[in-house]
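Quick note: my numbering has the sequence shown finishing at residue 1425, numbered continuously throughout.
For each residue, glycine too, the CB sits at the ideal point set by N, CA and C.
Here the structure comes first, spelled out in structure tokens, and everything after it is commentary.
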Amino acid sequence: MARSLSDLPIVIKESILLSRWSLIRFSGYAFFFFAMALFAAVLSSVANVLSGDALARIIDQIVAQDKNGLVRVGLWSLGILVLSVLSVFFQKYFSGHFAERVTARLREQASLSLAQAKVSAMSAHHSGDLISRLSNDIGLYQEYLQTDLPALLSGVLSALFALAYMFYRNWLLSLLLLATLPVIIIVSTLLSQPLSKRQEEVQQSLARINAQAKENVTGAETIRALSLKNILRERFNPVEARWFRSSIRAGHQSVLLTVAGITLSFLPFLVVFGFGGLQVLRGEISVGMLFAFIQLLNLIAFPLQELPVYLGKVKAGAVGGKRVRELLDVQKEPEAGVSANVAAKPQILFENVTFSYPGQKTPCLKALSFRIDPGEKVAFVGSSGSGKSTVLKMIVGDHFPDEGRLLVGGLPTTEWSLPELRNKMGIVTQETFLFDTSIEENVRLGKADAEKEEVERVLGMTKMDAFTDRLPEKSLTTVGELGGRISGGQKQRLCLSRAMIRKAPILVFDEATSALDNETERQILASIRSEYPESTLMMVAHRMNAVTFADKIFVLENGEILEEGTHLTLMQKNGRYAALMRMQTEEEPQ
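Structure representation (structure tokens):
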């Protein structure tokens, strides 16, 4: 039982603490609004108690037929009414401002936390679950801060002040009244115990529904192509059923708590009417004081009646706060570090680098060693899973070596400020990502201060200008969500343009031309060699023909370098590279 009685303060503590920060530190200057709301709640509680005292005085003046006294008490009651109205207004006003500011900052910090999260940390969460936390859970926490917490504090303060006044006026009646409270608290806490678990089940089920829905939206093309509607319905129905069952159970528990609160709230009234009425008959208290006790009892009975409900809401808010807190605590990439000139020789150096992805026993890279000098155009080839893309991801700082050293510009990547390191690179990943804005703005994201002429120049280099010139709005045409209004090849060319406009000393292309035809791919790579002769290019290509221009080609297999050289020297060796080239040539249609 001790655990049950201590449950509420623990839940409140958990729900107002965010990660390593208390609510005071996290909210910053916005905590002023919470302090003002709390002060207004104190004034409101005092006004509520004074209104009960004023009622007693009014009734006593009426019984005594004292007109002058009745006028004085009436004016006093009017002042109390004004104080009560103003305090309630300012309490809601300030608590609303506080909740809006805290949740806005919380949403911002959570979004930034995810943007700075390590790749391994992000892969541990489904994107649908993350969206659920950023929407449903933050909304739940906002409702708690704006409505539930102020109501809980106001109710507790009013009850405490009312009890203090009642003890001052009649300690015996107040003592009998207090004797009923443990029964109410014990029943309420016992009934509220399962609600926290029920609410957490609801939130987790809702997150799974969001994850499933997001897959259905983003994978719509694949779903149509493979006729997966019935299969996905079979997958979705159990998830929805779990959410429905959890919601029903949580709803039933909330109804039970509400009914119990209403029922138990009558117990204190029976005590006051019974024993208090007896005291009036004995002449021990006045009729006015009996009515004051009845009115003030509302300040105790109503919070007690609502205690189970608010207890459930507080626990629900704690669940939302806990899930958001996990976003704030997600493991982030290191931003601190040095920034250096990447023109050092060698520019990229792998020294016996071994790396394994989390949860995998077999290393993806095994004691890998090679060097790349400034201005070199380098390609990595090999079969699927040989480690090509992993090499590029390590160079850009997505992963760090388990063993060995990886130097960029003469410095280990672990010592670099990763934002500074990536600012010296133009990166195109396998997954093309475009923002729902214009073609020009998507390119300019690579260089915010780029002039229109620069944008047009890189669009010409990637052969995208022929497409934009045919559009009514030219390069101001919006590409749609994830670039849904343009083709796969056009998406890749826009991503290439965004990387090339940076004029970065290092270009990193991971399957950056896989959706392009052979001729367009050849022209773009030729433009890069002629326009960026001093830039180092490291690329993984989908087609072997795309790497023939490279100064150096590394052939990887099972995380190790089998061969190294130019296209001609590797063909002369007649090894793995030559075999891959012949294999792809034979597969190409004649």
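A check of alpha carbon separations from K1338 across Y1367, L988, R1077 and P1236 identifies Y1367 as the nearest.
F1270: not part of any beta strand (DSSP E); DSSP gives it neither H nor E. Going by beta carbons, V1263 and V1382 fall outside the 7 Å limit. Segment contact: the segment 941-949 against the segment 991-1001, fewer than three CB-CB distances shorter than 8 Å; contact not assigned. Put simply, the backbone Cα of E1316 is about 37 Å away from that of Y864.
Exclusion of the five residues before and after D895 leaves S1121 and G1123 as the residues of its chain whose Cβ lies within less than 6 Å of its Cβ. Annotation: the continuous beta strand (DSSP E) that includes M1373 extends over T1371 to V1375. Beyond the five residues adjoining it in sequence on each side, L873 comes within less than 8 Å, by CB distance, of L988 in the same chain, given in chain order. DSSP places D1345 outside any alpha helix (DSSP H); the residue lies instead in the beta strand (DSSP E), whose first and last residues are I1341 to D1345. In the structure shown, M1299 adopts coil according to DSSP, grouped into three states. Annotation for V884: the continuous alpha helix (DSSP H) segment containing it runs F866 to A899. For a cut-off of 8 Å, the C-beta gap from S1218 to E1369 is around 32 Å, too long to register as a contact. In the displayed model, P1073 falls within a helix according to three-state DSSP. If you look at I1336, you'll find it isn't in any beta strand (DSSP E); DSSP assigns it neither H nor E. Scanning its chain for C-beta atoms nearer than 8 Å, with the 5 sequence neighbours on each side dropped, one finds around A1361 the residues F1384, in chain order.
Residue burial annotation: N883 is buried, with at least 16 other C-beta atoms found within 10 angstroms of its C-beta.
Assignment of beta-bridge partners to F1190 by DSSP yields L1200. Judged by DSSP in its simplified three-state form, I1321 adopts coil rather than helix or strand. Taking the Cα positions, L1184 is about 7 Å away from I1207. Where E1398 is concerned, the enclosing beta strand (DSSP E) starts and stops at E1395 to G1400.
F1268 is not a Cβ neighbour of N1277, given a cutoff of 7 Å. Within its own chain, the residues whose Cβ lies closer than 8 Å to the Cβ of H932, once the five positions on either side in sequence are excluded, are A865 and F868, listed in chain order.
Beta-bridge annotation (DSSP): R1240 is paired with E1186. Within the model, the alpha-carbon separation for A939 versus G974 is close to 10 Å. Per the C-alpha coordinates, the member of R1077, L1256, K1282 and K1212 positioned closest to K1228 is L1256. Taking a cut-off of 8 Å for Cβ pairs, the segment 1314-1330 and the segment 1235-1255 do not touch, as fewer than three such pairs fall below it.
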